[in-house]
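Trainee: With full-length UniProt numbering applied, the sequence shown corresponds to residues 1 to 410, in that order.
Built from N, CA and C at the ideal position, the CB exists for glycine as well.
First the structure, then my questions, so here it is.
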Amino acid sequence: MENYIELNKFHTFSIKRYHISKINPKDVTKRMLLLSYLQISSLKYKTEEDIVRVCEDLYDFRYSVKGDLHGSYWMITFQGNAIDPKYISDEAYTKDKVFEVFNDLSTPLVIDNKLDKKTFQRAKKLLSASILKLEKYPAVKATNFALHTFFKDTLRDYQPKGDMEELKKITIDELYEYYLEFLQEEETTIFIGAFDKKYPIKDTITPHMDHNFIERAKLDKDIYLYPHKSKLMNLRIIYDLNIFTGDDRIYALSIFNYFLGSSNYSYLFRIVREKYGLCYSISSDLYGASGIVIIGAEVKKDDLNLVIEKIDEALKESLNSFDLEKIKRVFVLTHKASYDQQDSYASDLICKKAFPIAYDSNTYIDKINSVTMDDIKEVFNTFMKSRRVIFGYGGDKKWVIQHILLPKMA
Numbered sequence: 001m002e003n004y005i006e007l008n009k010f011h012t013f014s015i016k017r018y019h020i021s022k023i024n025p026k027d028v029t030k031r032m033l034l035l036s037y038l039q040i041s042s043l044k045y046k047t048e049e050d051i052v053r054v055c056e057d058l059y060d061f062r063y064s065v066k067g068d069l070h071g072s073y074w075m076i077t078f079q080g081n082a083i084d085p086k087y088i089s090d091e092a093y094t095k096d097k098v099f100e101v102f103n104d105l106s107t108p109l110v111i112d113n114k115l116d117k118k119t120f121q122r123a124k125k126l127l128s129a130s131i132l133k134l135e136k137y138p139a140v141k142a143t144n145f146a147l148h149t150f151f152k153d154t155l156r157d158y159q160p161k162g163d164m165e166e167l168k169k170i171t172i173d174e175l176y177e178y179y180l181e182f183l184q185e186e187e188t189t190i191f192i193g194a195f196d197k198k199y200p201i202k203d204t205i206t207p208h209m210d211h212n213f214i215e216r217a218k219l220d221k222d223i224y225l226y227p228h229k230s231k232l233m234n235l236r237i238i239y240d241l242n243i244f245t246g247d248d249r250i251y252a253l254s255i256f257n258y259f260l261g262s263s264n265y266s267y268l269f270r271i272v273r274e275k276y277g278l279c280y281s282i283s284s285d286l287y288g289a290s291g292i293v294i295i296g297a298e299v300k301k302d303d304l305n306l307v308i309e310k311i312d313e314a315l316k317e318s319l320n321s322f323d324l325e326k327i328k329r330v331f332v333l334t335h336k337a338s339y340d341q342q343d344s345y346a347s348d349l350i351c352k353k354a355f356p357i358a359y360d361s362n363t364y365i366d367k368i369n370s371v372t373m374d375d376i377k378e379v380f381n382t383f384m385k386s387r388r389v390i391f392g393y394g395g396d397k398k399w400v401i402q403h404i405l406l407p408k409m410a
């Protein structure tokens, strides 16, 4: 019963159905629109109100459809969480009934080989609102600009939520054709809980060893500025470490990145913000599947060069303030605080089946705790020798042109 994780220690049980496919940057908008359609449609329960009602009738059954990226693979997950029937005094409430409803909910509204027009229009409106919301945030646009430029024309070059102009052009027939492709993707269903029998499922998942983004754009400069009418500039510095998911050094890098700027009171914040008063915010983010770290800050445009200088200075001196055991302790506690044990069983199994070189959450804490100061020094040396590319998003056009010849955004 490989797809069944037998557990008796929880009062709930879960059903997770996964669809996995390789990313195609040209299809991101279609993918996001299909996800939106799947989230609000069901062949049997035809409105969002119907979906809410049936979930409430099943003792607050929780149902969701999520889209995630696992490196260079898309994963759409249908998930149901329900209370184990042994805790409910209702003979009509059974695991069979829950599985039946789960199947009904995860069968989208398709009639006579067509998607539903009203649901399609509603899905478009929801995705449009999501894209417009992101466009209001310069910080998000700054990160997208940096990633787009650094990974231009590679598999990593895509807009996370899709493109508004592309969205307007997608027809209901085109989305249906994409849905038919979706049905051919690798698929499996995982059950977590106590089950007396096996349910019929489709299981076509194969192992993938190519989920990291290895390719980079051929950049001819080390600094790229993009004008955006604002008083502030969003700075993004990409450090190309080439330390990817599956490389044991990722654990030391995770700790070092957390120390730099992923905690509430980070090292970079203490130095660049509190010591020198040079930025409004600063953070550090690890993109494991991309092999990069991005340090981001919100700064006054005229402070840009000084902020970069002080970040460099802080990095060079960082090991002088590095207390490995203390940082590991806080890092592990933070990880455990956001750790869902029941969910992790399914995540571990899907990773084992589809992405064998990804980490196993059961051993993750042990591997973090086994990191030594020599491991940190190795990562630090790699960090300091890595290629650094600077991106600035903001500042008026006149100021930007005075500083650098602008690249064109695709």
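If you scan the region 340-402 from start to end, which runs of the beta strand (DSSP E) of 3 or more residues do you find wholly inside it?
Mentor: 387-395
Trainee: Within a Cβ cutoff of 7 Å, which residues of the same chain sit near H70, ignoring the five residues on either side of it in sequence?
Mentor: H211, F355
Trainee: In angstroms, rounded to a whole number, what distance separates the CA positions of E317 and R236?
Mentor: Rounded to the nearest whole angstrom, the CA to CA distance from E317 to R236 is 20 Å.
Trainee: Could you tell me the distance, in whole angstroms, from the CA atom of K9 to the CA atom of A289?
Mentor: 34 Å
Trainee: How far does the alpha helix (DSSP H) with I51 in it extend, from its first residue to its last?
Mentor: 48-57
Trainee: On the premise that L58 lies in contact with G193, defined as a C-beta separation below 8 Å, what is that separation, rounded to the nearest angstrom?
Mentor: About 15 Å; that fails the 8 Å criterion.
Trainee: Taking only the alpha-carbon atoms, compute the straight-line gap between A337 and K133 and give it to the nearest angstrom.
Mentor: Distance between the alpha carbons of A337 and K133 is about 29 Å.
Trainee: Using DSSP bridges, identify the partner residues of D240.
Mentor: I292, R387
Trainee: Under 8 Å by Cβ, that's how I've got D222 and I350 pegged, so tell me the actual separation to the nearest angstrom.
Mentor: At roughly 39 Å, the Cβ-Cβ gap does not stay under 8 Å, so D222 and I350 are not in contact.
Trainee: Along the chain, where does the beta strand (DSSP E) containing R62 start, and where does it finish?
Mentor: 62-70
Trainee: Which class does N103 belong to by DSSP, given the choice of helix, strand or coil?
Mentor: helix
Trainee: Going by DSSP, what residues sit across from N234 in a beta bridge?
Mentor: E298, Y393
Trainee: What residues match up with L225 in a beta bridge as DSSP calls it?
Mentor: G392
Trainee: May I ask which residues mark the beginning and end of the beta strand (DSSP E) holding I201?
Mentor: Per DSSP, I201 belongs to no beta strand (DSSP E) and is neither H nor E.
Trainee: Return the chain-ordered list of same chain residues with a C-beta closer than 6 Å to the C-beta of D375, the five sequence neighbours on each side being excluded.
Mentor: Once the five neighbours on either side are set aside, the close Cβ partners of D375 are A252.
Trainee: Among the residues of its own chain, which have a CB less than 8 Å from the CB of I255, if the five just before and after it don't count?
Mentor: L324, I327, K328, F331, I368, V371, I376
Trainee: According to DSSP, K114 sits in a beta bridge with which residue or residues?
Mentor: I111
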